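Numbering (my numbering), first residue to last: 3 to 126.
A short worksheet on the structure shown next.
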């Protein structure tokens, strides 16, 4: 995946520009770490590729990462585990940052949030 792919994902709001001291390299690290997390019930494609991540906000001054995401279903039994896996993955590279995760089902997740080549890969 090239650098620009992280900023071209459908359905994802990379609002690094909300903060004066933002750094796209930092967001790339976060995205790469999230790509190591898989839904235990659907371990074929990572949660980033599945379109479960809606936004990533990074405040470098306060060393805080705010993630808005959804689950594959509202009744996802592995939801808390997935959140902990995200926090652990980010902490591996950015141990001083605090990661906050907010779950939402608005907008409802759809296949439109997955890039075409990733969608094809899911059904190979």
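Don't be surprised by glycine CBs; every beta carbon is placed ideally from N, CA and C.
Fair warning: this is a prediction, and the values are worked out from it, not measured in the lab.
Rounded straight-line distance, which links the Cα of residue j to that of residue i
{"i": "residue 54", "j": "residue 26", "result": "20 Å"}
{"i": "residue 64", "j": "residue 85", "result": "21 Å"}
{"i": "residue 88", "j": "residue 76", "result": "18 Å"}
{"i": "residue 80", "j": "residue 46", "result": "15 Å"}
{"i": "residue 74", "j": "residue 50", "result": "12 Å"}
{"i": "residue 109", "j": "residue 61", "result": "24 Å"}
Residues near residue i by beta carbon distance below 6 Å, same chain, minus five either side
{"i": "residue 100", "result": "66"}
{"i": "residue 68", "result": "59, 102"}
Sequence-distant residues of the same chain with beta carbon closer than 7 Å to residue i, five excluded per side
{"i": "residue 70", "result": "56, 57, 104, 106"}
{"i": "residue 72", "result": "54, 56, 105, 106, 107, 111"}
{"i": "residue 43", "result": "80"}
Neighbour-count burial assignment, residue i, 16 or more Cβ in a 10 Å radius
{"i": "residue 41", "result": "buried"}
{"i": "residue 29", "result": "buried"}
{"i": "residue 52", "result": "buried"}
Cβ neighbours of residue i in the same chain (closer than 8 Å, five flanking residues each side left out)
{"i": "residue 38", "result": "48, 91"}
If we require 4 or more residues per run, which alpha helix (DSSP H) segments fall completely within the segment 42–95? 81–95
Check whether the segment 29–45 and the segment 89–99 touch, using three or more Cβ-Cβ pairs below 8 Å as the test. yes
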